[in-house]
Every structure is written in C-alpha cells, then in structure tokens.
Amino acid sequence: MTTTEQNIDQILIPILEKVSDPEIPVLSIMDMGVVRSAVIENNIVKVEITPTYSGCPAMDVIGDDIKVALKKAGYESKIDLILHPAWTTDWITPRGRKALEDYGIAAPLNAEADKDVLLNGKRLVKCTNCGSTNTRLVSQFGSTACKAQFQCDDCQEPFDYFKCLK
Amino acid sequence: MKNENLYNYILGIADNSLILGQRLGELTGHGPSLETDIACTNISLDLFGQVRSYFQYAAKIAGDERTEDDIAMLRKEREYKNVLLVEQPNTNFAYTLGRQFLFDVYHLAFLKELQKSADLTLSAIANKCIKEVSYHERFSSDWVKRLGDGTEESRAKMQEAINDLWTYTDELFHQTEADKTMVAEGIGVDVTKLKEAYYKNVSDLLLESTLEVPESKYFQKGGKQGIHTEHLGYLLSDLQYMQRTYPNMEW
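If you're matching them up, the sequences are chains A and B in order. Residue numbering for the first sequence follows the numbering used here, beginning at 1 and increasing consecutively. Residue numbering for the second sequence follows the numbering used here, beginning at 167 and increasing consecutively.
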C-alpha cells in the first residue's frame, strides 16, 4: 500500500458512506477522504481516520458515528486516529466536491490559485449561488478551520470557500 | 521515565502552541472585527489541536497515569517551557498580530526541519501542522504589512509592538539540554541554525511594511527554563481554573 492509497474492505463501503461530516452533513466521510483504512480482523472492524485539521472538533464525533453505524450493521469496531500521511483536499472525491458546492461551500481550487485568491486578491472562486467568479475574499478564516469567507459582487451572496490543503 | 529528554523536548515545542493558543482564545468575542476575531480563534483552535497531538504522545512516553489533560492543565508555572514571546499579552491588535508574526515565521521554519526528525511521530505531527501554520504565517504577515504600510497611527502602533516584542525573539534560538540531546539523536531541530534566515525573513517583511527593523541587542530569556514574565501566572490561572476548581472534570 502506498502512502496515499486507501485500504477499505468493499463490504464496509456502503456502511461508511452513510456516515457524514457533522459540520457538513451533506458530505459523506468517504467522499471527504478521512477514512484511510477499514478492515475486518477477527470479527472486529479496524478503522483508521485522519483529521482534516489538527483541531477539528468533528473528529471525535466522526469516530463515534462510525462505531454506531458499524454496530447497526452487526460489527464491533476499533477506531484509530492517524496523522500520517497528512490529509489533503485532493482526497475529496468529485462527488464530494459536488456535494460541497450544492451545499453552498465553494470547493477548493488548486494550490496556486488558492494562494492567488487568499493573498493576491484574485477573483477565481466561483459563487455557489450564481456561478460568477466576480467574488472577493472577506476573511482568510471562516466558520470552521477549513474554510475562508467570500462574497459575490454580482449577486451579493456571502459564502464559504473550502481552503486548499496540500 | 525511560526517555525524559524526549518528554521534555516535546513539552518545549507544545507549550509554545498551548500558551499562544490560550492568548488568542482570549479574543473570542473581543476581536476588533468579526473577521479578525474568527481568524484569531481559528488559529487558536489549530494550535490547540496540534498541542493535543504532542501531549498525547508525551503522555505515552511518560508511561504512567498522566493524560494529555494533566500535562496541559496541572503543571505549575515553573514547569511550562514556552518562550516568553508567546505569553505576552494582547495589549492591542498590533501586539497580537506582531507577536503572531514573530512566532509564525519561527514556527514555520521549525516545523520544516522537524519534518525530517528521526522520530516518526514527531515528523508526522510536523507534517500535519505545517499546512496549518502556513496559513497562520500568511495571515499575520499580511496584517503586519497592512498596519505597517497603513495610516500614520496604525504604523506607529505596529512599530511600537515590534520594538517591544523584539526583545523576546532571541530566545527562540536558545538550546536547552533536552534540545542538545535530541539534536544529537537526529530527533530534534537545531534551532541555532534557524536564526540567520529568521532575522532575514522578518527584516525583509518589516521593511516591505515600511517599518524599521529594531536595532536593540538587549534580549530577554528564561521561558525555556521555566522562568517566566509576570503575565504567565495570570494566563495559567484562567487556563487551569476549571481543572483546579473541579478536579478530574471531563467534557
């Protein structure tokens, strides 16, 4: 297994897909890319999850939610929090990115464009309401550790942008 | 304890983040604007998250009944190893951001080196933290520029903050006994080697911000040995209040 690959037992995928990020309920933890491995060993499911941000308060809840979901499916489980390899926004799946956008959170740009919008005032983030890129940064930090605040200058909608983490 | 040097080394790193995180947390609901308030507390949350990773590891090394919470909440003032810089108060927004900038530039350079540590847990933590700290450094640098190259008043305040805090910067590059042992084992970062680049980077940004680089060669030290400025005691009484008043309470 290379460092960025996931090792997840096929049979567990439908169960884990039903667990969502408590702060972004439309987003499954599988689409978020925080589940790094889930394997059945001696009737116990061993799950490894990795935090998006070190201080992310959602991690404890996600761990508990996984336990409950697996229990309902008839499995006991053990959850471990791992730090390596460190989570990156590249692990959010295309379906996850769409779910974010539908929910009103602009999905992360690539690292270079991210720097341009957060530091150099470039207008590249697409408004989640009207689709215009005539948007500006309001604050580099937003309602949770992973987001920045933006506003659209065409439709005036304020919205969150999921910062690129690489 | 089997590896006391490693334990002390981890505390030396983590205490900086803990105390700075607590200082920034004081701004919850008190920031100069909603956005900066949220930014400072977001940075605080990142730092506390990092502290948890370090303290969980330290508790494992201690190998007794000590938990991450005990390490964070139940030590006495003299047992905290943070540098004096991070315990300085939020005198005004220029001090808060000046302090943040002077620490972030160091923090980022330090984590870059810690990623190469022979200790795999420390290198994994560094690898995680560095992504967050890059954002902190951008934020604080940006504000030093905005205030430095801003109005006459904002420039004067930023300059005053930098001048006052400058005296605490040299300590960042002092080595403790635990440092020396850990450097020799390929685990720790040789902070003395970060000094030159640090002052160059900081000076470049100050000049870009139309600020003057302080020339004072008088520096304060002691934090790494547990000898703190008077400010730390007050901060700790806030930080430790719940654990001291209701021992063993948990969320």
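We treat Cβ as the ideally placed atom computed from N, Cα and C, and that holds for glycine.
Where residue i and residue j are concerned, what is the direct C-alpha to C-alpha distance, given to the nearest angstrom?
i: P198 of chain B; j: D330 of chain B; result: 21 Å
i: T333 of chain B; j: Q156 of chain A; result: 46 Å
i: Q386 of chain B; j: G392 of chain B; result: 13 Å
i: L213 of chain B; j: D154 of chain A; result: 36 Å
i: V349 of chain B; j: I209 of chain B; result: 29 Å
i: K422 of chain B; j: E303 of chain B; result: With chain B running from 167 to 417 in the structure shown, residue 422 of chain B is simply not present.
i: S233 of chain B; j: Y220 of chain B; result: In the sequence on display, residue 233 of chain B carries Thr and not Ser. Approximately 12 Å between the Cα atoms of the pair.
i: F170 of chain A; j: A260 of chain B; result: It is not possible to answer for residue 170 of chain A, since the shown part of chain A is limited to 1 through 166.
i: T317 of chain B; j: N7 of chain A; result: 55 Å
i: L338 of chain B; j: V26 of chain A; result: 44 Å
i: K163 of chain A; j: Q266 of chain B; result: 21 Å
i: R244 of chain B; j: A180 of chain B; result: 15 Å
i: V45 of chain A; j: K78 of chain A; result: 6 Å
i: Q406 of chain B; j: A322 of chain B; result: 36 Å
i: Q281 of chain B; j: T358 of chain B; result: 17 Å
i: D379 of chain B; j: R312 of chain B; result: Here residue 379 of chain B is Val; the residue named in the question, Asp, does not match the sequence. Between V379 of chain B and R312 of chain B, the C-alpha separation is close to 16 Å.
i: V19 of chain A; j: A69 of chain A; result: 7 Å
i: L124 of chain A; j: N134 of chain A; result: 7 Å
i: K168 of chain B; j: P413 of chain B; result: 28 Å
i: I13 of chain A; j: T411 of chain B; result: 46 Å
i: K346 of chain B; j: V217 of chain B; result: 22 Å
i: I15 of chain A; j: V39 of chain A; result: 13 Å
i: K72 of chain A; j: C56 of chain A; result: 26 Å
i: E17 of chain A; j: D160 of chain A; result: 24 Å
i: G131 of chain A; j: A99 of chain A; result: 15 Å
i: P158 of chain A; j: G104 of chain A; result: 10 Å
i: T194 of chain B; j: L200 of chain B; result: 10 Å
Suppose the cutoff is 8 Å on Cβ atoms and the five residues either side in sequence are ignored; what does the same chain contact list for residue i look like?
i: I185 of chain B; result: Y246, N248, V252, E253, L398 and L401
i: S300 of chain B; result: L274
i: Q188 of chain B; result: S210, L401, D404 and L405
i: E76 of chain A; result: N43, I44, V45 and L70
i: Q222 of chain B; result: E234
i: N171 of chain B; result: E343, A344, T347 and M348
i: T2 of chain A; result: Residue confidence is low: T2 of chain A scores 38 on pLDDT, short of 50, so the model does not pin down where it sits. Its coordinate-derived value is still stated next. Here the set comprises nothing.
Which residues in the same chain have their Cβ closer than 6 Å to the Cβ of residue i, if we skip the five residues on either side of it in sequence?
i: H84 of chain A; result: none
i: N279 of chain B; result: The residue you asked about is not Asn; residue 279 of chain B is Glu in the sequence shown. V355, listed in sequence order.
i: L263 of chain B; result: S306 and W309
i: N367 of chain B; result: V271
i: T88 of chain A; result: L165 and K166
i: S375 of chain B; result: V310, K311, G314 and D315
i: D80 of chain A; result: E48
i: S37 of chain A; result: N7 and E48
Apart from the five residues just before and just after residue i, which ones in its own chain have a Cβ nearer than 7 Å to its Cβ?
i: A58 of chain A; result: D21, P22 and E23
Flag residue i as yes when its Cβ comes closer than 7 Å to any non-hydrogen atom of the ligand NAD, and as no otherwise.
i: M408 of chain B; result: For the ligand NAD, the structure offers nothing, since it holds no ligand at all.
The region 213-228 of chain B in contact with the region 64-79 of chain A per 3-pair CB rule at 8 Å: Using a Cβ-Cβ distance cut-off of 8 Å, the region 213-228 of chain B and the region 64-79 of chain A are not in contact, since fewer than three pairs of beta carbons, one from each stretch, lie closer than that value.
Cβ contact check for the region 136-143 of chain A and the region 201-208 of chain B: 3 or more pairs under 8 Å: Result yes; three or more Cβ-Cβ pairs closer than 8 Å.
Members of the region 392-405 of chain B near chain A, C-beta cut-off 8 Å: Here the close residues number zero.
Minimum length 4: unbroken alpha helix (DSSP H) runs contained in the region 216-251 of chain B: If we require 4 residues or more, the alpha helix (DSSP H) runs fully inside the region 216-251 of chain B come out as 234-239.
The region 40-57 of chain A: positions lying closer than 9 Å to chain B by Cβ: Going along the region 40-57 of chain A in chain order, one finds T50, P51, Y53, S54, G55, C56 and P57 with a Cβ nearer than 9 Å to chain B.
Meets three-Cβ-pair contact criterion under 8 Å: the region 31-41 of chain A and the region 86-102 of chain A: These segments touch.
Contacting positions in the region 305-318 of chain B - beta carbon closer than 8 Å to chain A: Within the region 305-318 of chain B, the qualifying residues are F305 and D308.
Residues, ordered as in the chain, of the region 214-242 of chain B that lie near chain A by beta-carbon distance below 8 Å: Residues of the region 214-242 of chain B with a Cβ closer than 8 Å to any Cβ of chain A, in chain order: F214, G215, Q216, R218 and S219.
Cβ contact check for the region 104-111 of chain A and the region 46-54 of chain A: 3 or more pairs under 8 Å: Not touching, per the Cβ criterion.
4 or more residues per run - each alpha helix (DSSP H) lying fully within the region 365-398 of chain B: Counting only runs of at least 4 residues, the region 365-398 of chain B fully encloses no alpha helix (DSSP H) element at all.
Interface positions of the region 124-143 of chain A facing chain B (Cβ-Cβ less than 8 Å), listed along the chain: Hits within the stretch, in order: V138, S139, Q140, F141, G142 and S143.
Cβ-based contacts, 9 Å cut-off: residues of the region 105-125 of chain A near chain B: The region 105-125 of chain A vs chain B, Cβ under 9 Å: K115, L118 and L119.
Members of the region 65-92 of chain A near chain B, C-beta cut-off 7 Å: Against chain B - using a Cβ distance shorter than 7 Å - the residues of the region 65-92 of chain A are L83, H84 and A86.
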